[in-house]
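**Student:** Residue numbers (our numbering): 1256 to 1624.
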Amino acid sequence: MVGKKLARQDSNQGLKAAVISLKSVSSDWVSNALQNYFDSVESVNLKKLEVYFNAKGGDILYEGQPLTSFDCVYIRGSYKHVQLLASTSSLLKDCYQPLSPESFVLAHDKVLTHMVLQQHSVPMPKTYIVASVKSARKILKKLHYPIIAKFPKGTQGKGVLVADTYASASSIIDALEQVKQPFLLQEFIDNDGVDYRLIVAGDKVIAAMERLAAPGELRSNIHAGGVGKAFEPSHDMERIAVKACKAIKADLCAVDLLKTPLGPVVIEVNISPGLQGITMATGIDVADRIAKFLHKKTIEFKNSVKNREFKKVLQDLDKANSSHELIANIVLRGNRILLPEAVTKYLSFSENEEVVIKLLQDEIVIKRL
Ligand SMILES: Nc1ncnc2c1ncn2[C@@H]1O[C@H](COP(=O)(O)OP(=O)(O)O)[C@@H](O)[C@H]1O
Ligand SMILES: [Mg+2]
């Protein structure tokens, strides 16, 4: 309630927010928290959206009607809907979005995520991508064991396989080939079943937890039985997480990291993180922090649009008020004076437009009617 009053006092703009999602508990938490900062909040069901586009533009329909406009839209959803998530995001105009259309494509594919992390020099485990089982076997012969094989698209630890020997890795990739499942190979980071999840909002980490895998389990995901507890990340870890978030072109995401003797490495960036586990582990109202961040960024976005519009008005005024001088030679076409092209362009005169031509001693004035 305090948030509500404060936010409304400094904004007072009738701000409208929407959460487009699959209506998970976490998405509902964010929608509810947004109500404390925005004047109206709509929960839009991703499954009821339809997107149309052609070269000239596009439309987003919600339950058959054009989607209303918002000042802030936070789109959440799983990798299964990546095309809909990215195209909806790219068609939404004039509103703040914490995720860019590209971020959906990049974050929902671990190969692409690692590719951009590499481009931005974000530390990560050594990762191998191959086109065939034959090339994978060549690599497997050179690696130290255990190693990780991972599905590029998948979550909650379900697509992560660990192989302790060349023999087990070799049969894993045979099985993946049989079911036509693409995979990446990755150096195994010895981490005693502990990984770190940091939620990044802009340049800051708003919540962090350490997750310990269930006994006998190597994956630390809460859905795989991992247990989370509050964690104070090092400055280095925070810096790397913020960099990873920027690399995938997002303002808001969760970054999963592992510790190595050479420093933290990023294993995943999640743009639709679950909030229950981290909220319970840390005691932080993560949904509220996200809502507060979205509100702040929306105000900044609105102000930057206003500044741009104001600048344009000033430029137009300048255009209207000032006169411009051009030094040129008279060009005649027959007995007629031909004005330089720049004059026509600057004043946007069109053919047959009515004008008044005033002739003074040494001057011609042409005025639009
Ligand atoms: N390279 C790795 N070395 C050791 N453990 C890993 C590695 N990659 C993933 N894991 C373990 O598997 C879990 C899930 O991996 P992650 O890449 O975050 O995929 P997702 O969470 O989408 O299933 C991690 O939290 C971590 O416990
Ligand atoms: Mg993960």
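Glycine included, every Cβ here is placed at the ideal spot set by N, Cα and C.
Pick from Pro1519, Gly1480 and Arg1474: whose alpha carbon is nearest that of Val1496?
**Tutor:** For the sequence presented, residue 1496 should be read as Ala rather than Val. For the residues Pro1519, Gly1480 and Arg1474, the minimum Cα distance to Ala1496 belongs to Pro1519.
**Student:** Would Ala1386 pass as a contact of Leu1440 if the rule is Cβ separation under 8 Å?
**Tutor:** No.
**Student:** Say whether the region 1405–1420 touches the region 1358–1370, bearing in mind that this needs 3 or more beta-carbon pairs closer than 8 Å, one atom from each stretch.
**Tutor:** Contact holds: three or more Cβ-Cβ distances are below 8 Å.
**Student:** Nearest to His1336 by CA position, among Leu1395, Val1299, Tyr1383 and Ser1276, is which residue?
**Tutor:** When only C-alpha atoms are compared, the closest one is Ser1276.
**Student:** Go through its chain and collect everything with a Cβ distance to Val1306's Cβ below 7 Å, but skip five positions before and after it.
**Tutor:** Cβ neighbours of Val1306 beyond the five flanking positions: Gly1313, Ile1315, Leu1339, Ser1342, Thr1343 and Leu1346.
**Student:** Could you spell out where the beta strand (DSSP E) holding Pro1519 opens and where it closes?
**Tutor:** Unbroken beta strand (DSSP E) run through Pro1519: Gly1518 to Asn1525.
**Student:** Between Gly1457 and Asp1506, what straight-line distance do the alpha-carbon atoms span, to the nearest angstrom?
**Tutor:** Cα-Cα distance, rounded: 5 Å.
**Student:** Does any heavy atom of ligand 1 sit closer than 7 Å to the C-beta of Arg1474?
**Tutor:** At least one heavy atom of ligand 1 is nearer than 7 Å to the Cβ of Arg1474, so yes.
**Student:** Distance check for Gly1414 and Asp1349, CA to CA, integer angstroms please.
**Tutor:** In a straight line, the C-alpha of Asp1349 is about 37 Å away from that of Gly1414.
**Student:** Are there any heavy atoms of ligand 1 lying less than 7 Å away from the beta-carbon of Asp1364, as far as the coordinates show?
**Tutor:** Checking the Cβ of Asp1364 against ligand 1 gives no.
**Student:** What does DSSP give as the partner residue(s) for Glu1470 in the beta ladder?
**Tutor:** For clarity, residue 1470 is Pro in the given sequence; the question names Glu instead. DSSP lists no partner for Pro1470.
**Student:** In the DSSP assignment, find the unbroken alpha helix (DSSP H) run with Tyr1421 in it and report its ends.
**Tutor:** Note, Tyr1421: alpha helix (DSSP H), Tyr1421 to Gln1433.
**Student:** In whole angstroms, give me the CA-to-CA distance for Asp1447 and Gln1320.
**Tutor:** Spanning the two alpha carbons is a distance of roughly 52 Å.
**Student:** So Val1620 is in the beta strand (DSSP E); what residue range does that whole segment cover?
**Tutor:** Segment Ile1619 to Arg1623, the beta strand (DSSP E) holding Val1620.
**Student:** For the structure I just gave you, are there three or more beta carbon pairs, one from the region 1527–1539 and one from the region 1472–1491, closer than 8 Å?
**Tutor:** Yes, the region 1527–1539 touches the region 1472–1491.
**Student:** Check whether the Cβ atoms of Ser1425 and Leu1453 sit closer than 8 Å, and answer yes or no.
**Tutor:** Not in contact: Ser1425 and Leu1453 (Cβ atoms no closer than 8 Å).
**Student:** Asp1445: which of Ala1404, Asp1491 and Pro1516 sits nearest, CA to CA?
**Tutor:** The shortest C-alpha separation from Asp1445 is found at Pro1516.
**Student:** When every heavy atom of ligand 1 is checked, does at least one fall within less than 7 Å of the C-beta of Ala1496?
**Tutor:** Because no heavy atom of ligand 1 lies under 7 Å away, the Cβ of Ala1496 does not count as near it: no.
**Student:** Could you check if Glu1523 belongs to the surroundings of ligand 2, using beta carbon to heavy atom distance under 7 Å?
**Tutor:** Within the cutoff, so yes.
**Student:** DSSP puts Asp1450 in a beta bridge; with which residues?
**Tutor:** Bridge partners of Asp1450: Arg1466.
**Student:** Going by beta-carbon coordinates alone, are Ser1295 and Lys1278 separated by less than 8 Å?
**Tutor:** No, Cβ-Cβ distance for Ser1295 and Lys1278 is not below 8 Å.
**Student:** Kindly indicate which residue of Asp1511, His1490, Ile1526 and Arg1466 has the alpha-carbon position closest to the one of Lys1504.
**Tutor:** Answer by Cα proximity: Ile1526.
**Student:** Spatial neighbours of Lys1393 within its chain, please: C-beta separation below 8 Å, excluding the five flanking residues on both sides.
**Tutor:** Taken in chain order, the list of residues that qualify is empty.
**Student:** To the nearest angstrom, how far is it from the Cα of Lys1566 to the Cα of Ala1502?
**Tutor:** For Lys1566 and Ala1502, the distance between alpha carbons rounds to 31 Å.
**Student:** Any heavy atom of ligand 1 closer than 7 Å to the beta-carbon of Gly1409?
**Tutor:** Yes; taking the cut-off as 7 Å, the Cβ of Gly1409 has a heavy atom of ligand 1 nearer than that.
**Student:** Starting from Thr1515, follow its DSSP beta bridges and name the residues at the other end.
**Tutor:** Answer by DSSP bridge pairing, in chain order: Gly1518.
**Student:** Quick check for students: name the residue ranges of the alpha helix (DSSP H) that lie wholly in the region 1276–1344, counting only runs of 4 or more.
**Tutor:** Counting whole runs of 4 or more residues, the region 1276–1344 contains the alpha helix (DSSP H) stretches 1280–1289.
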